[in-house]
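The letter at position 141 of the sequence shown is residue 292 when you use the numbering used here, and the numbering goes up by one with no holes.
We treat Cβ as the ideally placed atom computed from N, Cα and C, and that holds for glycine.
Since this is a predicted model, take the numbers as computed values, not measurements.
Written out below as C-alpha cells is the structure these notes cover.
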Amino acid sequence: MRLWWFALRVIRYAIYRINRTIKIIANWIYAIFVFRSLQLALCCQVTTRKIPKSTNFGHPIGIVIGENVKIGQNCCIYQNVTIGADRVGGEYPIIGNNVIVGANSCIIGKVTVGDNAVIGAGSVVVKDVSANSIVAGNPAKVIKLCAG
152 MRLWWFALRV
162 IRYAIYRINR
172 TIKIIANWIY
182 AIFVFRSLQL
192 ALCCQVTTRK
202 IPKSTNFGHP
212 IGIVIGENVK
222 IGQNCCIYQN
232 VTIGADRVGG
242 EYPIIGNNVI
252 VGANSCIIGK
262 VTVGDNAVIG
272 AGSVVVKDVS
282 ANSIVAGNPA
292 KVIKLCAG
C-alpha cells in the first residue's frame with residue numbers, strides 16, 4: 152500500500168514538472184513569435200527594456216529604439232522615430248518625463264532631453280534639449296521655452 156502511494160506521488164510530481172517546463176518553453180516560443188510578428192508587421196525595432204508602461208506609441212509604425220535608451224514616464228512617441236547611438240558602441244540618449252517626440256524625428260547620440268520637452272516632426276536632435284522647451288528643425292533648435 153505504501154509503495155503504491157509513493158509511486159503515485161512521484162509520478163504526479165514528474166507530470167507537474169514536465170507540464171511546468173512545457174509551459175515555460177511555450178511562453179518563450181509565443182513571446183518570440185509575437186515579437187517577430189509585430190516587428191515584421193509594423194516595421195518596429197524596440198530593443199531596450201527601459202521603457203515604462205506609461206509610454207505611448209501614437210502610431211507604432213517604423214519606430215527604432217536602441218538597446219540602452221532610457222525613456223521617462225508618460226512619453227509619447229509617434230511614427231518613424233529613430234532613437235539611438237550615433238555609431239556602433241556609442242552612447243545612447245536619455246529622454247525625460249512627459250516628452251513628446253513628433254513623427255519622422257531622430258534623436259541621435261549622447262543627448263539628454265529634459266522633462267516636458269516637445270520635439271517637432273522631422274527634427275534631428277544631436278544636442279541636449281532643455282526642460283520645458285519646444286525644438287524643431289534639422290538640426291533641432293529651440294523655438295520656444297514654456298513656463299515649467
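Determine the burial state of S274: buried for a count of at least 16 other Cβ atoms within 10 Å of its Cβ, exposed for fewer. Under this definition S274 is a buried residue.
In or out: G265 buried (at least 16 other Cβ within 10 Å) or exposed? Looking at its Cβ environment, which holds 16 or more other Cβ atoms inside 10 Å, G265 is buried.
Neighbourhood of I245 by C-beta, 6 Å cutoff - its chain only, sequence neighbours within 5 removed: Result list for I245: K221, T263, in chain order.
Does the distance from the C-beta atom of G235 to that of G217 stay below 8 Å? Yes, the pair counts as a contact, with Cβ atoms nearer than the cut-off.
Bridge partners - S284, DSSP secondary structure assignment: Answer by DSSP bridge pairing, in chain order: L296.
Alpha carbons only, please: which of T233, C227, Y164 is nearest the one belonging to T198? Looking at the Cα atoms, T233 is the closest of the given residues.
Provide the residue(s) that pair with N267 in DSSP beta bridges, ordered along the chain. Bridge partners of N267: none, in fact.
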